[in-house]
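Trainee: In the numbering used here, the protein residues as written are 8 to 153. One structure follows; several queries about it will come next.
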Amino acid sequence: MTPEALAELHRAAFTVERPWSADEFRDLLEARHTHLTCATHGFALWRSVAGEAELLTLTVDPQHQGRGLGTRLIQRWMAQAARGADSAFLEVAQDNLAACALYARCGFATVARRPKYYARHDGAADALVMRAPLGAAPDPADAAGP
């Protein structure tokens, strides 16, 4: 996917938070250790450094949400990351209940909280820092998906 396509999909999916621009995606994709896991209607952008894999953003087209694509992308990301990392982590807004539930189903547990991290029109939402071990990551064949 091009940086422009990533930004367009991100803009469609992130209506509460500021979506990332094509330039921001371009810079991230050019950065060392950054990886992109794509599907037809979504993507996971992540980086892996010093035995840890960090999910930078997970994006699924709103018209295709609720069909398991997010789960398949997480499984693929974790399987790919397990090749060079022992653990995975991410940040998620605590008011993003669907994402929090998805990450919990995929084996993530909250390990820290960043108060008032995400700006909202009516205040701010805390960020939850979640972590999962990668030793038990799903088999890549199970996460072949779209």
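Every residue, glycine too, gets a C-beta built ideally from N, C-alpha and C. Keep in mind the model is a prediction, meaning the values are calculated, not measured.
Would G49 pass as a contact of V67 if the rule is Cβ separation under 8 Å?
Mentor: A contact, by the Cβ cut-off of 8 Å.
Trainee: Reducing DSSP to helix, strand and coil, say where H17 ends up.
Mentor: In this structure, H17 counts as helix in the three-state DSSP scheme.
Trainee: Kindly indicate the opening and closing residues of the beta strand (DSSP E) around E31.
Mentor: Counting along the chain, E31 falls outside any beta strand (DSSP E), though it belongs to the alpha helix (DSSP H) covering A29 to E37.
Trainee: DSSP three-state label for G49, please.
Mentor: Note: G49 maps to strand in three-state DSSP.
Trainee: With a 10 Å radius around its C-beta and 16 neighbouring C-beta atoms as the bar for buried, classify L141 as buried or exposed.
Mentor: Counting Cβ neighbours within 10 Å, L141 comes out buried, since at least 16 surround it.
Trainee: From V136 to M85, what distance separates their C-alpha atoms?
Mentor: Those two C-alpha atoms are separated by around 16 Å.
Trainee: Apply the 10 Å Cβ neighbour rule to T44 and answer buried if 16 or more other Cβ atoms are within range, or exposed otherwise.
Mentor: T44 comes out buried.
Trainee: Give the straight-line distance between the Cα atoms of R33 and R54, rounded to the nearest whole angstrom.
Mentor: Straight-line Cα distance between these residues: approximately 14 Å.
Trainee: Which stretch, first to last residue, makes up the beta strand (DSSP E) that contains R138?
Mentor: Note, R138: beta strand (DSSP E), G130 to P140.
Trainee: Could you pull out every residue in the same chain whose Cβ sits closer than 8 Å to the Cβ of Q70, ignoring the five residues on either side in sequence?
Mentor: Counting only Cβ-Cβ distances below 8 Å, and skipping sequence neighbours, we find H48.
Trainee: Pick from V56, W27, D30 and S28: whose alpha carbon is nearest that of T41?
Mentor: The option with the nearest alpha carbon to T41 is V56.
Trainee: Does the beta-carbon of T22 have 16 or more other beta-carbons within 10 angstroms, so that it is buried, or is it exposed?
Mentor: The residue in question, T22, is exposed, as its Cβ has fewer than 16 Cβ neighbours within 10 Å.
Trainee: Please report how far the alpha carbon of E31 lies from the alpha carbon of Y124, in whole angstroms.
Mentor: Cα-Cα distance, rounded: 20 Å.
Trainee: Determine the direct distance from the alpha carbon of L36 to that of T9, and round the result to whole angstroms.
Mentor: For T9 and L36, the distance between alpha carbons rounds to 10 Å.
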